[in-house]
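Novice: In terms of the working numbering, the sequence shown opens at residue 356 and continues consecutively. Think of the CB as a built atom: it goes at the ideal place given N, C-alpha and C, for glycine as much as any other residue. These numbers come from a predicted model, not from an experiment. Let me begin by handing over the structure; questions about it come next.
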Amino acid sequence: MQYSKRLLIFVLTTILGLQFAYAIPNLKKQGSWDKREKKAFLNFLDSGKNIPIKGQVKSVQENLPASYSSSKASYLNFNIIGESLFTRGRDGVRRTTSSDLGGRFLYGNHLFSWVRWYTGLQYSLVTQTKKDGLPASLSHYQVPFGIELALIPLGTPHTRYALLRAGISAHYFGDGGRDEEFENPLNGWRGSYDLALGYEWQFSNSRWRYQILVEGKRSISREKGSEFSSGALSTGFVFTI
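What follows is the structure in structure tokens.
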């Protein structure tokens, strides 16, 4: 009987000793720990137990700013354009038709993080001189479609992009008068190849970007009397949806 009591006391003492050995001391008072508490903390780490967490624990979600570099982000593009239009008549002479301001609205999306497609509508007025020397104003509508590469130059931040565009446009010239009144009539539908080179800045932590481009177009048709080309400078803003 006496042996059993001694065995029970030994077991209880061992359990309490192990519990104390692996108990974690007060972490808020690490500066005042003595050797015994430091040893207890090392024993606790060696035991592989998790540190108990008291109180409420909130999960923190990081709010990342929207960026148009997302592979599926779409965008809206608003531009003001100064465009000079040239025609080439049946006599092979190149004539300056007009230099006018216009507006353009584009919608686009990303094929890849640095490859985008775009389409939209552009409008401007074209002033063309008739055979009798009088000016005529034509409404000029353009429907572009193309591919845009947004490349990051070496050594620049990831919010700066060199832009390279290539595509085609459908042009409609109207309300200018009869074809026989012009040396190089433009009335009706035309098509063109388009190229552009530019630069784009993204504002910090914003969905907005600013861009500027130098653009050129050349008519698809090479029929004498219907050829035209243009050069333009455009500037505007892009908003990521």
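If I'm right that residue 536 touches residue 486 with Cβ under 8 Å, what's the distance once you round it to whole angstroms?
Specialist: 6 Å
Novice: In or out: residue 540 buried (at least 16 other Cβ within 10 Å) or exposed?
Specialist: buried
Novice: Can you round the beta-carbon distance between residue 492 and residue 526 to whole angstroms, since I take them to be within the 8 Å contact cut?
Specialist: Incorrect: roughly 16 Å between the Cβ atoms, too far for contact.
Novice: Have a look at 495, 447 and 392 and flag the residue whose alpha-carbon is nearest the alpha-carbon of residue 439.
Specialist: 495
Novice: Residue 537 lies in the beta strand (DSSP E); which residues open and close that run?
Specialist: Premise fails: residue 537 is in no beta strand (DSSP E) and is neither H nor E.
Novice: Closer than 6 Å by C-beta to residue 564: which residues in its own chain qualify, once you throw out the five before and the five after it? Chain order, please.
Specialist: Answer for residue 564: 555, 557 and 593, listed in chain order.
Novice: If contacts are defined as beta-carbon pairs under 8 Å, then residue 503 and residue 545 qualify, I think. What distance do you get, rounded to the angstrom?
Specialist: About 23 Å separates the two Cβ atoms, so there is no contact after all.
Novice: Under a Cβ-count criterion, where at least 16 other Cβ atoms within 10 Å of its own Cβ denotes burial, should residue 534 be classed as buried or exposed?
Specialist: exposed
Novice: From residue 421 to residue 596, what does the alpha carbon distance come to, in whole angstroms?
Specialist: In this prediction, residue 421 scores a pLDDT of 43, lower than 50, which makes its location untrustworthy; the coordinate-derived value is nonetheless stated afterwards. Each residue's Cα considered, the two are about 9 Å apart.
Novice: When the distance is taken between beta carbons, is residue 453 closer than 8 Å to residue 481?
Specialist: yes
Novice: Starting from residue 436, follow the beta strand (DSSP E) in both directions and report where the run begins and ends.
Specialist: 429-443
Novice: Among 568, 462 and 583, which residue has its Cα nearest to the Cα of residue 574?
Specialist: 583
Novice: As a quick exercise: from 465, 538 and 512, pick the residue whose alpha carbon is nearest that of residue 445.
Specialist: 538
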